[in-house]
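Take the sequence shown: its position 338, counting from 1, is numbered 338 in full-length UniProt numbering, and each next residue is one higher. Here a beta-carbon is modelled for each residue, glycine too, at the ideal position from N, C-alpha and C. Keep in mind it's a predicted model, so treat the numbers as computed, not measured. Here is the structure we will look at, set down as structure tokens.
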Amino acid sequence: MKRIFSGVQPTGALHLGNYLGAIRNFVDLQHEAEAIYCIVDLHAITVWQEPSALGPNTREVAAAYLAAGIDPKKSIIFNQSRVSAHAELAWIFNCVARIGWLNRMTQFKEKAGKHREQASAGLYIYPALMAADILAYKATHVPVGDDQKQHLEFARNTAQKFNYDYRGGDENGVFPLPEPIIMGAAARVMSLRDGSKKMSKSDTSDMTRINLSDDRDTIADKIKRARTDPDMLPGPDVLDESGDLPEHTRKSRPECFNLLGIYAALANESWREVLQRFEGQGFGGFKPQLAELAVEKLGPMGQEMTRLRNDPAEIDRILADGADRAAEIAQPVLKEAKQAVGFLLD
Ligand code: TYM
């Protein structure tokens, strides 16, 4: 059975990368299979979160889910800390996963930076909790942006090792091996100021990202001031035979292909269509069209988020209901895992 799971951290303003790389795909996928969308507050506290901000930030992600079009009756929306199965299964996975695997995680290296010794232990074992999120629901498919690929590989390895250690193999294993779903031209949205860095909540400059809460003028201004290069926009001859953009081509003009990729994703067009449309034009003509499209697509969502922000009780009700439904699925899976490990249970 196909089951979708994904999560977003409540660590501050959501941006265009979160939307195009992940949340937008959550909406489409909810029609294909049972879908569970989590707000991962346990993950958020792996780096310091001001306690008074964590609740509002959690509601903000819920508002984005709802405003993007996730239907809380059809899909499950909840915050992670409410369902204790996540933390319990994560502990078991901490004992299954290997330190060597954790040491290869590039996200830890990036986030811990030079101050590795000062990073929380939680930041280090973050991937085991993420594996638990997914596998507590026996989810088979996980829509994420490109930056989560390695964490998904970690979850697959953990599931496989658990199945092997406790059940002797995959066929009668407890857990499925979850597949990432990484979609489209905007699976990796880059900073508007530096095409070699990903668009991120934690970048100190707000001009590097388009926030889902930005108003019309701010969006237009950020796109106008986005970094570009002096050349004209390329045509479809830069694509490979299957219509994809080769990595070396993207890297040769990172800012240019970032903006074109954003356009393609917002317009729901292929690379070929977008490159055909803008071939030979300058950024001066392209940027206003991109700004207009971004405002048209993000504006209504921003308005809906504002409306929901004024109704926190409605969001809290949805999260509580979602947590009950999530726990109903996760508890029996946790029990199965505990039994496989050999714990004495009721
Ligand atoms: P987080 O909160 O950093 O990001 C949420 C989602 O947004 C995607 N994303 C991007 N996509 C394209 N371009 C970008 N610049 C960009 N920035 C972020 C991320 O890939 C992600 O899909 N570890 C996860 C949260 C998590 C999770 C899970 C995800 C915890 N448990 C279980 C899936 C399944 C994270 O930090 O996402």
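Query raised in the report: Is any heavy atom of the ligand MN found at a distance shorter than 6 Å from the C-beta of Ile36?
Result: Among the ligands modelled here, namely the ligand TYM, the ligand MN does not occur.
Query raised in the report: Quick one: complete beta strand (DSSP E) runs, 3+ long, within the region 66-134?
Result: 76-79
Query - Backbone secondary structure at Pro51 - three-state DSSP - result: helix
Query raised in the report: Residues in its own chain within less than 7 Å of Gly163 by CB, not counting five upstream and five downstream?
Result: Going by the sequence as given, residue 163 is Asn instead of Gly. Here the set comprises Gly169, Asp170, Gly173, Val174 and Phe175.
Query raised in the report: Whose C-beta lies closer than 8 Å to the C-beta of Asp311 among residues of the same chain, with five residues either side of it excluded?
Result: none
Query raised in the report: In whole angstroms, what is the alpha-carbon distance linking Ile223 and Leu290?
Result: 8 Å
Query raised in the report: Per DSSP, Met232 forms a beta bridge with which residues?
Result: Looking at the DSSP assignment, Met232 forms no beta bridge with any residue, so it has no partner.
Query raised in the report: Do the region 216-231 and the region 293-305 meet, that is, are 3 or more Cβ pairs less than 8 Å apart?
Result: yes
Query - Span separating the alpha-carbon of Ala63 from that of Glu110 - result: 29 Å
Report task. Please indicate yes or no: does the CB of Met301 lie closer than 6 Å to some heavy atom of the ligand TYM? Result -> no
Query raised in the report: Quick one, are the C-beta atoms of Tyr37 and Ser75 less than 7 Å apart?
Result: yes
Report task. Below 7 Å CB to CB, which residues in the same chain sit around Ile70 once its five sequence neighbours on both sides are set aside? Result -> Phe26, Val27, Gln30, Tyr37 and Ile77
**Report entry** Arg188 beta carbon near the ligand TYM (any heavy atom closer than 6 Å)
**Finding:** yes
Query raised in the report: In the structure shown, what three-state DSSP assignment does Met190 receive?
Result: strand
Query raised in the report: Taking just the CA atoms, how far does Ala35 sit from Ser196?
Result: 33 Å
Requested in this report: Tell me, please, which residues DSSP counts as bridged to His141.
Outcome: Ile4 and Glu179
Query raised in the report: With 16 other CB atoms within 10 Å as the buried threshold, where does Ile99 fall?
Result: exposed
Query raised in the report: Based on the DSSP output, what are the partners of Ile36 in its beta bridges?
Result: Phe5 and Ile76
Query raised in the report: Does at least one heavy atom of the ligand TYM sit under 6 Å from the Cβ of Gln9?
Result: yes
Query raised in the report: On the three-pair Cβ rule with 8 Å, is the region 268-288 touching the region 234-251?
Result: yes
Query raised in the report: Nearest-angstrom Cα distance between Ser205 and Phe5?
Result: 31 Å
Query raised in the report: When we look at the beta-carbon of Thr46 and count the other beta-carbons within 10 Å, is it buried (16 or more) or exposed?
Result: buried
Query - the ligand TYM heavy atom lying under 6 Å from the CB of Asp133 - result: yes
Requested in this report: Ignore the nearest five residues each way along the sequence and tell me which others in Leu334's own chain have a CB closer than 8 Å to its CB.
Outcome: Ala85, Glu88, Leu89 and Ala136
Query raised in the report: With burial defined as no fewer than 16 other Cβ atoms inside 10 Å of the residue's Cβ, what is the status of Phe343: buried or exposed?
Result: exposed
Query - Residues that DSSP places opposite Leu211 in a beta bridge - result: For the record, residue 211 in the displayed sequence is Asn; it is not Leu. DSSP lists His15 as partners of Asn211.
Report task. Kindly confirm or deny that the region 109-125 and the region 136-146 touch, where touching means at least three C-beta pairs closer than 8 Å. Result -> no
Query raised in the report: How would you label Met1, buried or exposed, when you count the other beta carbons within 10 angstroms and need 16 or more for buried?
Result: exposed
Query raised in the report: Is Gln148 near the ligand TYM, in the sense that its beta carbon is under 6 Å from a heavy atom of that ligand?
Result: yes
Query raised in the report: By Cβ distance, which residues of its chain are closer than 6 Å to Leu260, with the 5 residues on each side in sequence left out?
Result: Val274
Query raised in the report: Going by DSSP, which residues form a beta bridge with Lys198?
Result: Met190
Query raised in the report: If you draw a straight line from the C-alpha of Thr208 to the C-alpha of Asp321, how long is it?
Result: 36 Å
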